Amino acid sequence: MTESVDRVAEKVISLVGVTKRYGDVTAAHDVTFDVYAEEFLVLLGPSGCGKSTLLRLLCGLDSVDAGRIERNGTVLSGESVCVPPEARGISLVFQDNALFPHMTVRNNVAFGLANQPKEAIAERVAEMLDLVRLRDVATRYPHELSGGQQQRVALARALAPKPSIVLLDEPFSDLDRSLRIGLREEVRAVLRSTGTAAILVTHDQEEALALGDRIAVQNDGRIEQVATPEALFGNPASRFVAEFVGATDFLVGEIASNGILTEIGALQQETDAPI
13 MTESVDRVAE KVISLVGVTK RYGDVTAAHD VTFDVYAEEF LVLLGPSGCG KSTLLRLLCG
73 LDSVDAGRIE RNGTVLSGES VCVPPEARGI SLVFQDNALF PHMTVRNNVA FGLANQPKEA
133 IAERVAEMLD LVRLRDVATR YPHELSGGQQ QRVALARALA PKPSIVLLDE PFSDLDRSLR
193 IGLREEVRAV LRSTGTAAIL VTHDQEEALA LGDRIAVQND GRIEQVATPE ALFGNPASRF
253 VAEFVGATDF LVGEIASNGI LTEIGALQQE TDAPI
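For what it's worth, our numbering labels the leading residue of the sequence shown as 13, then goes sequentially.
1) Since Leu146 and Gln163 should fall inside the 8 Å C-beta cutoff, what is the C-beta to C-beta distance between them, to a whole number of angstroms?
2) Return the Cβ separation of Gly207 and Glu91 in integer angstroms, given the expectation that the two are a contact with Cβ distance under 8 Å.
3) Using DSSP with H/G/I as helix, E/B as strand and the rest coil, what is Val87?
4) Looking at the structure shown, is Val199 part of a helix, part of a strand, or coil, going by DSSP?
5) Taking just the CA atoms, how far does Leu244 sit from Leu195?
6) In terms of alpha-carbon separation, which member of Arg234, Gly258, Glu266, Ala254 lies closest to Val37?
7) Could you pull out every residue in the same chain whose Cβ sits closer than 7 Å to the Cβ of Met140, ignoring the five residues on either side in sequence?
8) Go through its chain and collect everything with a Cβ distance to Val11's Cβ below 8 Å, but skip five positions before and after it.
9) Assuming Val47 contacts Ile177 (C-beta within less than 8 Å), just tell me the rounded distance between them.
10) Name the one or two DSSP bridge partners that Ala45 has.
11) Quick one: grab the DSSP three-state call for Asn231.
12) Does DSSP put Ala122 in a helix, a strand or coil?
13) If you follow the alpha helix (DSSP H) that Phe52 is in, where does it begin and where does it stop?
14) What's the C-alpha gap between His114 and Gly258?
15) Determine the closest residue to Leu27 out of Ser59, Leu66, Leu56, Arg33, with distance taken between C-alpha atoms.
16) Entirely within the segment 123-205 and at least 3 residues each: give me those beta strand (DSSP E) ranges in chain order.
17) In this structure, does DSSP put Arg100 in helix, strand or coil?
18) Going by Cα to Cα distance, which pick from Asn231, Asp232, Ala209, Arg192 is closest to Ala222?
19) Buried or exposed for Ala210, please, with buried defined as at least 16 other CB atoms from any protein chain shown within 10 angstroms of its CB.
20) For Gln237, which residues does DSSP report across the bridge?
21) Taking 9 Å as the cut-off, decide whether the C-beta atoms of Ala254 and Ala239 are in contact.
22) For Ile272 and Gln237, I'd like the C-alpha separation in whole angstroms.
23) Straight-line CA distance for Leu73 to Ala278?
24) Which stretch, first to last residue, makes up the beta strand (DSSP E) that contains Val213?
25) Going straight from the alpha carbon of Thr31 to that of Ala39, what length do you get?
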């Protein structure tokens with residue numbers, strides 16, 4: 013998704029000045045960004061930077077201390093407002109998939125559809141199992157499935173209620189590399205086929221660059237930059253972004269009239285305009 017498309021597409025989720033503190037620790041500081049219809053946004057940063065906190069705030073497991081969260085223009089979290097998780101239209105896929113061990117695959121997928129007619133539930137569950145290619149294991153239990161199959165069941169369960177957005181909290185991190193690469197591509201394709209927006213949390217730069225339409229780089233509770241993978245490489249907004257996203261070398265330089273003087277020579281601008 014290009015930057016120009018982002019600006020005209022429908023906003024699904026908006027975070028505006030969101031702050032969250034746990035005691036003396038500020039896990040999210042003045043966070044502002046949007047997620048657009050059908051967009052796959054990756055929230056990238058080192059462990060402990062506040063990524064999972066943002067997911068908890070988005071799905072209503074925690075309340076914001078300042079700012080607001082909106083879905084399709086409706087405030088979900090803000091001053092004196094906190095819509096309960098089940099009423100947000102947001103689904104969450106946990107790192108450990110969080111399937112119910114005493115339920116079959118079919119019943120796990122049906123869990124979020126309890127208030128619908130039985131016929132509608134059966135039809136939707138079958139549709140989701142076909143989507144993730146697991147209809148043949150519908151009567152099995154989670155412990156009878158592989159790690160990849162369990163994550164696909166978790167995705168089917170998340171998509172079954174037709175959420176506005178799916179949140180993915182490092183769902184591939186516990187899988188072997190070969191399985192992880194194949195599954196992430198499959199998950200990306202499933203989300204694209206359903207037209208569902210998503211936020212993926214990861215600390216894996218290669219994963220972020222491979223999957224994201226845009227990437228939000230987080231550091232110490234703050235969002236340093238939100239941009240396409242190409243823009244992050246070509247025009248990082250901070251030294252942290254440059255160092256974290258890719259291999260970098262830095263040179264000490266002195267600004268001259270139309271360039272920069274470094275120990276390896278002068279770097280000239282293409283124009284005569286002063287720096």
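Just so you know, even glycine gets a beta-carbon here, dropped at the ideal spot from N, CA and C.
Fair warning: this is a prediction, and the values are worked out from it, not measured in the lab.
Taking the definition as stated:
1) Not a contact, Cβ separation roughly 11 Å.
2) Actually they do not touch by this definition, with Cβ atoms about 32 Å apart.
3) DSSP places Val87 in strand when its eight states are reduced to three.
4) helix
5) About 25 Å.
6) Arg234
7) Val121, Ala168, Leu171, Ala172
8) Past the edges of the chain, shown from 13 to 287, lies residue 11, and the structure says nothing about it.
9) About 6 Å; that satisfies the 8 Å criterion.
10) Going by the sequence as given, residue 45 is Phe instead of Ala. Paired residues: Leu27.
11) In this structure, Asn231 counts as strand in the three-state DSSP scheme.
12) helix
13) Run containing Phe52: none in the alpha helix (DSSP H); it sits in the beta strand (DSSP E), 52-56.
14) 44 Å
15) Leu66
16) 177-181
17) coil
18) Sorting Asn231, Asp232, Ala209, Arg192 by C-alpha distance to the C-alpha of Ala222 places Arg192 at the top.
19) buried
20) Val229
21) no
22) 25 Å
23) Each residue's Cα considered, the two are about 53 Å apart.
24) 209-214
25) 8 Å
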